[in-house]
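Colleague: Got a structure for you, questions after.
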Amino acid sequence: MESIPHIMSLKQTAKFLGISEPTLKRRINAKQIRAYKDGGYWKIKREWVEEYQNNLIKEQEPIPKIHINQFSQETQVFIHQLIANAIKRAIKNGTYKGDQTEGEDGEEIPETIKSGCTLHEGR
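Following UniProt numbering, the numbering of the sequence shown begins with 1 at its first residue and continues without gaps.
Right, dumping it as structure tokens:
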């Protein structure tokens, strides 16, 4: 993974945060993220980006946990397909850790998800 420069351009920061440059400019203008202009170009310090990210984490309200069994069978199949496709993309990109047997919450990952299969093989 590339190291993050101490001072980033608008383009670098937007790419790092996964947002568009116009969105980043709006957030700078709204004082959500600190930045300064140097010769007409926006510059953002790495610490300011980290500060912004930490503030985002603090602002997020906890999401109540719901079990997949609370959804209809059709929705469960859809969720399993989404997860299976995400795992396939991660494998293709080389970012999948295939030895994982538990999710972040400590619950075992169902075999249908680990293997990339869906609940209904015919779909």
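Glycine included, every Cβ here is placed at the ideal spot set by N, Cα and C.
All figures in this text were calculated on a predicted structure; none of them were measured in a lab.
What is the rounded straight-line gap between the Cα of Ser3 and the Cα of Glu47?
Modeller: Taking the straight line from one Cα to the other gives about 13 Å.
Colleague: What residue does the alpha helix (DSSP H) around Lys15 start on, and which one ends it?
Modeller: Per DSSP, Lys15 belongs to the alpha helix (DSSP H) from 10-17.
Colleague: Within this structure, are the beta carbons of Ile68 and Ile79 separated by less than 8 Å?
Modeller: Yes, they are a contact pair.
Colleague: Is the beta carbon of Lys43 less than 8 Å from the beta carbon of His6?
Modeller: Cβ atoms of Lys43 and His6: not closer than 8 Å.
Colleague: Going by the C-beta, is Arg26 closer than 7 Å to any heavy atom of the ligand ZN?
Modeller: This structure lacks the ligand ZN, and indeed carries no ligand of any kind.
Colleague: How far does the beta strand (DSSP E) with Gln44 in it reach, from first residue to last?
Modeller: The sequence as given places Ile at residue 44; Gln does not occur at that position. Counting along the chain, the beta strand (DSSP E) containing Ile44 begins and ends at 41-45.
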